[in-house]
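Peer 1: In this text, residue positions in the sequence shown follow the working numbering: the first is 201, and each later residue adds one. We put the CB at the ideal spot given by N, CA and C, even for glycine. Here the structure is a predicted model, which is why all the values come from computation and not from measurement.
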Amino acid sequence: MSQLRQNIVLKEWVIISTDRAKRPEQLKEDKDISESKLPEYDEKCPFCPGNEERTRNNEEIFRIGNEKDWALRVIPNKYPALVPQTDKVSVNTSGYFRWMDGIGHHEVLIESPKHNLTLATMETTDILNVLKTYQQRINSLMELPYIESVIPFRNHGVKAGASLIHPHSQIIALPVIPKDVISRMNESIRHHEEHRDCIFCSLLNKELDSKERIVIESQYFVVFVPYAAYSPFAMWLFPKRHASSFTEVTEQEIIELAPVLRQALRKLYYGLNDPDYNYIIRSAPKGYRNSAFFHWYITIVPRLTRSAGFELGSGMFINPSIPENDAEYLRSIKV
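As structure tokens, this is what we get:
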């Protein structure tokens with residue numbers, strides 16, 4: 201029989217459909233994951249070295265390395281969802297049709313000069329550069345008076361929304377706090393007021409006690425399949441130490457975070473044939489940083505199923521895979 205499970209953080213219900221349960225072999229991508237299928241350099245790719253002039257006005261925000269031998273670059277998105285504030289902002293917050301100018305920042309983090317890599321196949325030092333750059337950009341963008349929240353994310357593959365193959369992630373800085381983020385904050389506050397503890401810390405302790413959904417555990421971090429995962433092989437990466445913002449991760453912790461994230465992504469890469477996926481760093485927005493009730497974490501969501509009418513109509517998801525089985529399979533993948 202299927203089971204309804206509730207995400208304790210957002211109080212969302214998920215249907216774990218045991219009757220539809222699929223084996224990992226049924227969910228694997230049908231693709232050749234050999235790196236040799238892609239060139240290390242693509243002359244048509246705007247992110248490859250030597251093609252810097254193909255980016256928007258040849259602008260650059262940040263880089264690691266020198267002019268001709270860079271390891272990582274941050275540039276403005278050529279087709280930004282939002283643009284930086286330059287003049288007085290027009291806003292209408294009354295009536296039924298509310299709006300404001302589309303101000304903010306939309307950046308692209310080019311993770312490597314090599315066209316044929318992805319985070320799962322990069323060296324740990326490369327991933328460490330990416331993570332430290334997220335921290336640097338979050339701090340810089342949060343200093344802007346009109347920015348309220350910063351969301352780093354990665355779209356890997358067409359099903360996840362990626363339009364370019366070259367390894368990259370994105371950062372969007374918003375002048376508002378999205379409803380989903382506010383809901384997460386409000387539920388965290390409510391739990392803290394009622395129980396005097398952090399709901400994320402408590403959840404993590406329960407998962408560590410249970411162990412059946414744990415995929416990776418290190419000194420500072422835990423990766424597990426959520427109890428109410430809304431898609432197959434979804435994972436949450438939690439820090440053991442309470443911290444509300446990703447920028448609070450210490451040097452010692454971030455050095456360990458890089459191989460942990462790499463290991464989690466390699467388990468997907470080799471265990472499921474490099475599935476399309478999204479990951480999102482859920483970090484506290486402005487006004488909620490250094491809070492006792494919120495706990496930053498990373499959500500990793502392989503795109504192995506599709507949402508349809510029921511999901512759109514109900515806001516609920518049907519997961520055709522059992523979280524405990526997913527965790528067991530991912531643990532078995534040696535990387």
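Is the separation between the beta-carbon of I216 and that of N519 shorter than 7 Å?
Peer 2: Cβ distance < 7 Å, so I216 and N519 count as in contact.
Peer 1: Going by alpha carbons, who is nearest to F353 out of S483, C248 and R205?
Peer 2: Of the listed residues, the one whose Cα sits closest to F353 is S483.
Peer 1: Ignoring anything shorter than 3 residues or poking outside the region 376-438, list the beta strand (DSSP E) runs there in chain order.
Peer 2: The region 376-438 contains these whole beta strand (DSSP E) runs: 414-417 and 421-424.
Peer 1: Would you mind reading off the limits of the beta strand (DSSP E) that contains G357?
Peer 2: G357 -> no beta strand (DSSP E), and no H or E assigned at all.
Peer 1: One question on the structure: do K314 and E240 come within less than 7 Å of each other, judged by their Cβ atoms?
Peer 2: Closer than 7 Å, so yes.
Peer 1: So I261 and L272 are in contact, right, with Cβ under 8 Å, and what is the actual spacing, rounded?
Peer 2: Wrong, their Cβ atoms sit about 11 Å apart, outside the cutoff.
Peer 1: Have a look at I500, R390 and D219 and flag the residue whose alpha-carbon is nearest the alpha-carbon of I522.
Peer 2: Among I500, R390 and D219, the Cα nearest to that of I522 belongs to D219.
Peer 1: How many angstroms separate the CA atom of N473 from the CA atom of M385?
Peer 2: Whole-angstrom Cα-Cα distance: 35 Å.
Peer 1: Could you say which of T293, V283, N292 and F400 lies nearest to I303 if we only look at CA atoms?
Peer 2: Ranking the options by Cα distance to I303, first place goes to V283.
Peer 1: Going by other Cβ atoms of all chains shown within 10 Å of its Cβ, with 16 needed for buried, is P345 buried or exposed?
Peer 2: Classification of P345: exposed, given that the 10 Å Cβ count is below 16.
Peer 1: Counting along the chain, where does the beta strand (DSSP E) carrying Q370 start and finish?
Peer 2: Start and end: H368 to L374.
Peer 1: According to DSSP, simplified to helix, strand and coil, what is S538?
Peer 2: Look at the range of the chain in this structure, 201 to 535, and you will see that residue 538 is not part of it.
Peer 1: Report yes if the C-beta distance between F493 and S388 is below 7 Å; otherwise report no.
Peer 2: In contact: F493 and S388 (Cβ atoms closer than 7 Å).
Peer 1: Is the region 451-460 in contact with the region 323-339, if contact means three or more CB pairs nearer than 8 Å?
Peer 2: Taking 8 Å as the limit for Cβ pairs, the verdict is that the region 323-339 does touch the region 451-460.
Peer 1: In this structure, what does DSSP give as the bridge partners for V291?
Peer 2: Paired residues: M300.
Peer 1: DSSP three-state label for Y477, please.
Peer 2: Three-state DSSP puts Y477 in a strand.
Peer 1: Is H495 closer than 7 Å to F424 when the C-beta atoms are compared?
Peer 2: Contact: no.
Peer 1: Would you decide whether H356 is buried or exposed? Buried here means 16 or more other CB atoms lie within 10 Å of its CB.
Peer 2: H356 comes out buried.
Peer 1: Would you be able to state if there are at least three C-beta pairs under 8 Å between the region 314-330 and the region 365-375?
Peer 2: Cβ pair count under 8 Å is three or more, so yes.
Peer 1: Taking one C-beta from the region 287-294 and one from the region 427-446 each time, how about it: are there three or more such pairs within less than 8 Å?
Peer 2: The region 287-294 vs the region 427-446: no contact.
Peer 1: At the level of alpha carbons, what is the spacing between S402 and K411?
Peer 2: Roughly 14 Å separates the two Cα atoms.
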